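Line by line, the protein sequences give chains A and B. With UniProt numbering, the residue at position 685 of the first sequence is 685, and numbering never jumps. With UniProt numbering, the residue at position 407 of the second sequence is 407, and numbering never jumps. For every residue, glycine included, the Cβ atom is placed at its ideal position computed from N, Cα and C. All figures in this text were calculated on a predicted structure; none of them were measured in a lab. Worksheet: one structure, shown below.
There are 2 protein chains.
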Amino acid sequence: MKRFIGISILLFFCFNGFGQYSQYVNPFIGTTNFGTTNPGAIVPRGMVSVTPFNVSGSDINKYDKDARWWSTPYSWDNSYLTGFSHVNLSGVGCPELGVILLMPTTGKVNADHKQYGSVMKNQKATPGYYATNLEKYSIKAELSSTKRTGISRYTFPKGESNILLNLGLGLTNEVGAKVRIVNNKEIEGSRMTGTFCYNDGSERPVYFVARFSKPAKNFGVWKNMPKLQAEAAWSKTSGEYKYYDGFTREMFGNEIGAYFTFDTEENEQIIVEVGVSYVSIENARLNLKAESNDFDFEKTRAEAEKEWNDILGRVKVAGGTKDQKTIFYTALYHTQIHPNIINDVNGQYPAMESFEIKETNDCNRYTVFSLWDTYRNFHPLMALLYPQEQLDMVRSMVDMYKESGWLPKWELNSKETHVMEGDPSIPVIVDSYLRGLTDFDVEAAYAAMYKSATMEGKNNKLRPDIDHYLAEGYVPIEEEFDNSVSHALEYYIADWNLAQFAKALGKKADYQKFLNQSLGYKNYYSKEFGVLRPKLADGTFLKNFDPKQGENFEPCPGFHEGTSWQYTFCVPHDIKGLTKIMDGKKNFVSKLQKVFDEDLYDMANEPDIHYPFLFNYFKGEEWRTQKEVRRLVDEYYKNAPDGIPGNDDCGTLSAWIVYSMMGMYPVCPGDTDYALTSPVFDKITIELNQEFYPGKKLEIVTKKKNANDIYIKSIKRNGSNHSSYFINHDDLVKGGTIEFELKSSK
Amino acid sequence: MKRFIGISILLFFCFNGFGQYSQYVNPFIGTTNFGTTNPGAIVPRGMVSVTPFNVSGSDINKYDKDARWWSTPYSWDNSYLTGFSHVNLSGVGCPELGVILLMPTTGKVNADHKQYGSVMKNQKATPGYYATNLEKYSIKAELSSTKRTGISRYTFPKGESNILLNLGLGLTNEVGAKVRIVNNKEIEGSRMTGTFCYNDGSERPVYFVARFSKPAKNFGVWKNMPKLQAEAAWSKTSGEYKYYDGFTREMFGNEIGAYFTFDTEENEQIIVEVGVSYVSIENARLNLKAESNDFDFEKTRAEAEKEWNDILGRVKVAGGTKDQKTIFYTALYHTQIHPNIINDVNGQYPAMESFEIKETNDCNRYTVFSLWDTYRNFHPLMALLYPQEQLDMVRSMVDMYKESGWLPKWELNSKETHVMEGDPSIPVIVDSYLRGLTDFDVEAAYAAMYKSATMEGKNNKLRPDIDHYLAEGYVPIEEEFDNSVSHALEYYIADWNLAQFAKALGKKADYQKFLNQSLGYKNYYSKEFGVLRPKLADGTFLKNFDPKQGENFEPCPGFHEGTSWQYTFCVPHDIKGLTKIMDGKKNFVSKLQKVFDEDLYDMANEPDIHYPFLFNYFKGEEWRTQKEVRRLVDEYYKNAPDGIPGNDDCGTLSAWIVYSMMGMYPVCPGDTDYALTSPVFDKITIELNQEFYPGKKLEIVTKKKNANDIYIKSIKRNGSNHSSYFINHDDLVKGGTIEFELKSSK
């Protein structure tokens, strides 16, 4: 019998590929240095992640969510754990979610996270699995998840053990929850969320149902009571946590929770499964029923790992160091967190900007669109590697327009958060369309884009400052630290994409109109400084201008989160035109090189993320791209918690490194050409989705004599010379082989 | 047609008796001087009252609920109104309920009661109706109610008008609510309650559904957001009220509410009906549907008035001044607030001490039993005037035992609050039984009483200090300010009642056992001081004893809320025995007279409430009763807001004045004799409930030559001399005439 089990485990792992790709994922990458990723257990694009929450409640932590701007439930630098949150954002710059915290403890129930928290030891994380020991309690906590449920396995010592469900603590600054203990094995409730970026207006409840593998001996709810005035003299719980033993009605309040107490034997394991929904408690229960493995933690964990291996295995790399593989697959992993599904197993989801409940038609409804970031490279990468998912994302975006009247900008759980600027749905959708993902409501998409690109007045939700832009071709600076130039630059690239869309749809007049609009960036070009410069409404340039102002996130007139240098080349749709106003190739190239040489470049943010690939536009200068890209890859990305140079921005920096290590980059969304550079790996095999890209595999082979060879000697496609340093998406997805031969110097 | 309407209105008022009795009710009596009644609109024993809430939010108020011990939503001394609460307690000494506040305002919505409140002008209150003008907004607010619903009519000025539903503010110190806007005319939700006397442990949610007569133009919910730390720099709503416009999901939190905004014409009236339930929102909606008059405010008000006239008209008085009539009928009115029904229209109610839902069988389920107070006179009065209601109260109490294992002590909304001491259900139930209200589960009742009277150990929830009492016949003083003597005195009278019950049920041994127990009070009698005195466990008296200690609610060793003087005669079941240990009649009478002569008597609390009637036990001394009672009636009860000498204690002081003005008093519950004294009115007609007391009306006729005649010259019953100064309940309820002839001096 034992042998048989041994064999079936072996077979199982064979089937599972021995964690073939997931073994190269280090979920701790990006968990410090403001990468804001977290090591929580999640499956690809899961609604749920179960994430250690260690950013509150103790001075032993380096970072506290309440002591500074803070946007992640977890920091590698911290060690005081106060629970495992079940809905979380990864790689974002603003705090939100991080709620529905489970926490195992022992002894007398204590609901105060400042007291019940524990130091974490021996953390371990692989895709779909996280484990840590809670030093204070000698408890081992292991986490895994499915798309819409989280599963936790706690190994307790002998004695009285507790599982706390904390609905007060959260990364969000929204408050309010309800909870109801259904019976000694089940609990349900809801938690308010929605203060992304500390803003108001995107409030939405999240619902849950949790089940325990063992009936609780005792249970109850708690509330942190407000501090009373004179009445404090008579109240025992003024300003204290109050416990309502055996309370089985709904409890409401700002800081509430529930506790379940068990008698445990030494090493006894109790498992908790939590189903989540943004629609209702009933749907959370449906999700739990559909995805639960009946408290089989190992099965859930194995399924999660299999799912990850399937997804990561779409790209197979050979060669490179183990660290390089880990950097690559972890980045690919980080592109699979957001956007995530929001539809329940029955297809229901909350409609955009309303509380109406809609139902999906076969496809998934996605949420968490950080589009100012992700339009630049993330969505092209998804179109290449995961076209079905990308198509569903486009459909989701178009449906958001149908539901709310506007395409999204920074959408979170069916709410527009109005974070960052521009009209970034346009390049995402147009780029996908031009890459062949056309099976969506194209008419509606065009109408949506046309609306935001032409609607005058402040009621234009995506382009509130459109009037002067339409009249004069640029957005004038009107307040000291407005982001006028950044706004306009986003509109130009959106309009250029819209022009391409119009062209593809045979709308010639529109094409010309939006193409013209897209060239307005020239208004900002200052001959004097050789860079883009804010302009006043009267057409004069802003005085007291410093093109370096804006470094390190300091405020800067006209530019958002960056300097003029970091925006000046952010016209990827008209490099030719930009070259012309910069007085030709030589000046352009030397100026661009200066950005790298004089440390004007910011690898940690998006406006200049495509800069290193721009040398490819100039014959004979491509080696600069190969050099700078490889330098950035080696310098900024590491197999370590600080291995992402800054905020991952929902996978945008990760998409950059994935592309860069594969030797290609989509410089301009809407332009389906990839700039080519030297790949890091000897062989990269892309398993193209046969439904979208029928044909062969795509193999990228790199030959080099020396590990340090980074300069391209030659490129061959299917055995023939490929003279260009670009390759079109259409050619790429036909599959076949691209062969790079590298050399040691330019 | 018009004439017809005129006639039918006339007929209606005729039928209604022109407010025959309700015209003599002044709901403002008791609303200052810590009477703690309120002028809210309520029907007899209604679950709902709609009450002006004016004890928070402004320095212009004399009393603030948060600045001192405070137990009423309304004070006559205050003028800053912050809404109308829908569940309230009247005449209690501890804060609770006072939640679900509606408030009409105008202009921009402001949810902060410190800002939106208004000065009240022109208050008017009659039974079932309350009106006031809100000076700040030029709004007239009128309130009425049914058993389970409140109705409010607001007359607005022209412009933008609002109705706020505040679920944060409340008299209770429990917090937490949920609210959901169903549509532009309906809202539902729940509010946590349950910190009676600032204690924990009696938490229970109350549910509501509210409907508006006019659809709102705009609506939304709000929440008072917690103050953030560093994040306050970025949040616009840290520590502020946050508004969620158009929010239609459930909202939860500590201080939340909802607003509805309307465009109103000059003098436009908007009506709000609120259904309430302690079971569920569904039941609140059922209650609203069953009792609502479809926004017909006048009809609801007329029905409420009719109900009051029916109830008050069970006793008809003639003679006396208008003030005396008003004092009398207002007191009778105040006996009809609590206990109140808790069962919904479908019979459902929350079971005692659990969240199980039970269903009543035909009878009403009552709640709010302040039994330490009410057992003394209130329940005998109910047994006489409202036997069906009293029987249902007894049934409710026995059902509470069945549900929770214990009879109630201070029950509030199916939760035992453990306030005050003793075993007061015993005298209430036994007294009713002996007065002929026997149609309840007598076996269960006896078992319940036997349990608390005999169960040893601290798990005896009603008599936690029973062990020494059982062993030695008294409760020893064990802490400086414990209430040991007060505890024991309650046990003695309970045990005496239990003895009577045992006797009636033929349980002779039990009778003797409990009768013996009831005489243990003698342990406390101090020959040295001539009063009861705390005793230590070793049998010695407490040293440093001052029989006057405990005046004005100062703490006192052994006695609760009183002095030794105020407890020494609190042995109404054994006046004979007490007389004996006090060395005979002469000493007893002079000592009792001393209590009145030396201002040792407290008219405002219960332990000595029967003292003035004790002279009746001594032949030739009855004139002292007549003198002292009349003096107290004239001195302490007024037709004015300070017209109740202290806390009405759920109608106990009111029951005292009703009895006293009718010329009789039930000195000892369980002893069905009434002590007689001179009535205030010339004629009192009691319409005995024919189902319980078939036969004639009871008429009490008083003849006097002079208005100041207060001494009894003779008493006749049905024309024959009645030589005793007592009359038995059984004789009384046979009806007929009792005739007092009064004289001017003793």
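Is the beta carbon of N639 of chain A sitting closer than 9 Å to the one on D310 of chain A? Taking 9 Å as the cut-off, the Cβ atoms of N639 of chain A and D310 of chain A do not count as close.
Check your understanding: Thinking just about the alpha-carbon of each residue, which of B:F541, B:A284, B:K415, B:R376 is nearest to the one in G572 of chain B?
Key -> The amino acid occupying residue 572 of chain B in the given sequence is Pro; Gly does not appear at that position. Ranking the options by Cα distance to P572 of chain B, first place goes to B:R376.
Chain A beta carbons: is any one of them nearer than 9 Å to that of A67 of chain B?
A67 of chain B counts as touching chain A.
Checklist entry - Quick one: is L536 of chain B buried, meaning 16 or more other Cβ sit within 10 Å of its Cβ, or exposed? => result Classification of L536 of chain B: exposed, given that the 10 Å Cβ count is below 16.
Quick one: residues in its chain with C-beta nearer than 8 Å to the C-beta of E135 of chain B, no 5 flanking neighbours on either side, listed in chain order? Excluding residues within five positions, the ones whose Cβ falls inside 8 Å are S118, V119, M120, K121.
Practice problem: Please list the segments of the alpha helix (DSSP H) lying wholly inside the segment 531 to 574 of chain A, counting only runs of 4 or more residues, in order along the chain. | Solution: Within the segment 531 to 574 of chain A, the complete alpha helix (DSSP H) runs of at least 4 residues are 564 to 568.
(message) Please confirm whether F252 of chain B has its beta-carbon closer than 9 Å to some beta-carbon of chain A.
(response) Answer yes: the Cβ-Cβ gap between F252 of chain B and chain A drops below 9 Å somewhere.
With 16 other CB atoms within 10 Å as the buried threshold, where does I9 of chain B fall? Any answer about I9 of chain B is weak, because its pLDDT of 42 lies below 50 and its placement is not dependable; what the coordinates show is given next. I9 of chain B is exposed by the Cβ-count criterion.
What does a CB cutoff of less than 7 Å around A290 of chain A pick up in its chain, not counting 5 residues either side in sequence? V345.
Are the beta-carbon atoms of V182 of chain B and T248 of chain B separated by less than 9 Å? In this structure, T248 of chain B lies closer than 9 Å to V182 of chain B by Cβ.
Using alpha carbons as the reference points, say which of A:K402, A:Q390, A:G40, A:E739 lies closest to Y130 of chain A.
-> Of A:K402, A:Q390, A:G40, A:E739, the residue nearest in Cα terms is A:G40.
According to the neighbour-count rule (16 or more other Cβ atoms, all chains shown, within 10 Å of its Cβ), is K619 of chain A buried or exposed?
Label assigned to K619 of chain A: exposed.
Exercise for review: Return the first residue and the last residue of the alpha helix (DSSP H) that D597 of chain B is part of.
Suggested key: In the DSSP assignment, D597 of chain B falls within the alpha helix (DSSP H) that extends over 585 to 597.
Handout entry: Residues of its chain near S660 of chain B, where Cβ-Cβ distance is below 6 Å and the 5 sequence neighbours each way are ignored
Key = Cβ within range, chain order: V629, V633.
query: Are M449 of chain B and S486 of chain B closer than 9 Å when you measure CB to CB?
result: No, Cβ-Cβ distance for M449 of chain B and S486 of chain B is not below 9 Å.
**Asked** By a C-beta neighbour count over all protein chains shown, 10 Å radius and 16 as the cutoff for buried, is I712 of chain B buried or exposed?
**Response** Classification of I712 of chain B: buried, given that the 10 Å Cβ count is 16 or more.
Decide yes or no for the touch test of the segment 74 to 85 of chain A against the segment 42 to 61 of chain A: beta carbon pairs closer than 8 Å, at least 3 of them.
Taking 8 Å as the limit for Cβ pairs, the verdict is that the segment 42 to 61 of chain A does touch the segment 74 to 85 of chain A.
ask   = Tell me the DSSP bridge mates of M192 of chain B?
value = Residue pairing for M192 of chain B: DSSP places it in a beta bridge opposite B:P205.
How do the segment 205 to 222 of chain A and the segment 269 to 288 of chain A stand: do at least 3 beta-carbon pairs fall below 8 Å, yes or no? Yes, they touch.
Contact check, A675 of chain B vs G646 of chain B, beta carbons under 9 Å: Not a contact, by the Cβ cut-off of 9 Å.
* Whole-Å CB distance - Q566 of chain A paired with D599 of chain A, under 8 Å assumed -> Their Cβ separation, rounded to whole angstroms, is 12 Å, which puts Q566 of chain A and D599 of chain A out of contact at 8 Å.
* Length of the line joining the Cα atoms of L542 of chain A and F481 of chain A -> Spanning the two alpha carbons is a distance of roughly 12 Å.
Three-state secondary structure assigned by DSSP to L11 of chain A = Below a pLDDT of 50, predicted positions are generally treated as unreliable, and L11 of chain A, at 41, falls in that range; the measurement from the model is reported next regardless. Here DSSP, grouped into helix, strand and coil, assigns L11 of chain A to helix.
(Q) Please confirm whether K2 of chain A has its beta-carbon closer than 9 Å to some beta-carbon of chain B. (A) Model confidence at K2 of chain A stands at a pLDDT of 38, short of 50, so the residue's coordinates are unreliable; what they give is reported in the following sentence. At a cut-off of 9 Å between beta carbons, K2 of chain A makes no contact with chain B.
Q.
Taking the straight line between their C-alpha atoms, what separation do you get for T579 of chain A and F569 of chain A?
A. Taking the straight line from one Cα to the other gives about 10 Å.
- Message: Could you tell me the alpha carbon to alpha carbon distance between F230 of chain A and T193 of chain B, rounded to whole angstroms?
- Response: According to the sequence provided, residue 230 of chain A is Ala. The question's Phe does not apply to it. As the crow flies, the alpha-carbon of A230 of chain A is around 19 Å from that of T193 of chain B.
Per-residue contacts from V175 of chain A into chain B (C-beta, under 9 Å): Correct list: K223, M225, P226, F252, G253, N254.
Quiz item: Does the beta carbon of Q229 of chain A sit closer than 9 Å to a beta carbon anywhere in chain B?
Solution: Yes, Q229 of chain A lies at the interface with chain B (some Cβ there is under 9 Å from its Cβ).
Notebook entry, point to check: Mind checking if S190 of chain B is an interface residue toward chain A, Cβ cutoff 9 Å exclusive?
Noted result: Chain A, which has a Cβ nearer than 9 Å to the Cβ of S190 of chain B, makes this yes.
I'd like to know if K242 of chain B contacts chain A, where contact means its C-beta is closer than 9 Å to some C-beta of that chain. The Cβ of K242 of chain B sits closer than 9 Å to at least one Cβ of chain A.
**Asked** Should T195 of chain A be flagged as near chain B, meaning a C-beta pair shorter than 9 Å?
**Response** In terms of beta-carbon proximity, T195 of chain A lines the interface with chain B, with at least one pair separated by less than 9 Å.
So, is F18 of chain B buried or exposed, given that buried needs 16 or more other C-beta atoms within 10 angstroms?
Interpretation of F18 of chain B is limited by its pLDDT of 48, a score under 50 that renders its predicted location unreliable; the figure taken from the coordinates is listed afterwards. Flag for F18 of chain B reads exposed.
inquiry  = Suppose the cutoff is 7 Å on Cβ atoms and the five residues either side in sequence are ignored; what does the same chain contact list for S523 of chain A look like?
reply    = At residue 523 of chain A the sequence reads Asn, which differs from the Ser that was named. For N523 of chain A, the CB contacts under 7 Å within the same chain, skipping 5 residues up- and downstream, are G473, Y474, K535 in chain order.
| Runs of alpha helix (DSSP H) wholly within the segment 649 to 720 of chain A (minimum 4 residues, chain order) | The segment 649 to 720 of chain A is shown to contain whole alpha helix (DSSP H) runs of 4 or more residues at 652 to 662, in chain order.
- Query: With a cut-off of 9 Å, does the C-beta of Y198 of chain A fall near any C-beta of chain B?
  - Reply: Y198 of chain A counts as touching chain B.
Using beta-carbon positions only, say whether V658 of chain A and Y693 of chain A come within less than 9 Å of one another. For V658 of chain A and Y693 of chain A, no; Cβs fall outside 9 Å.
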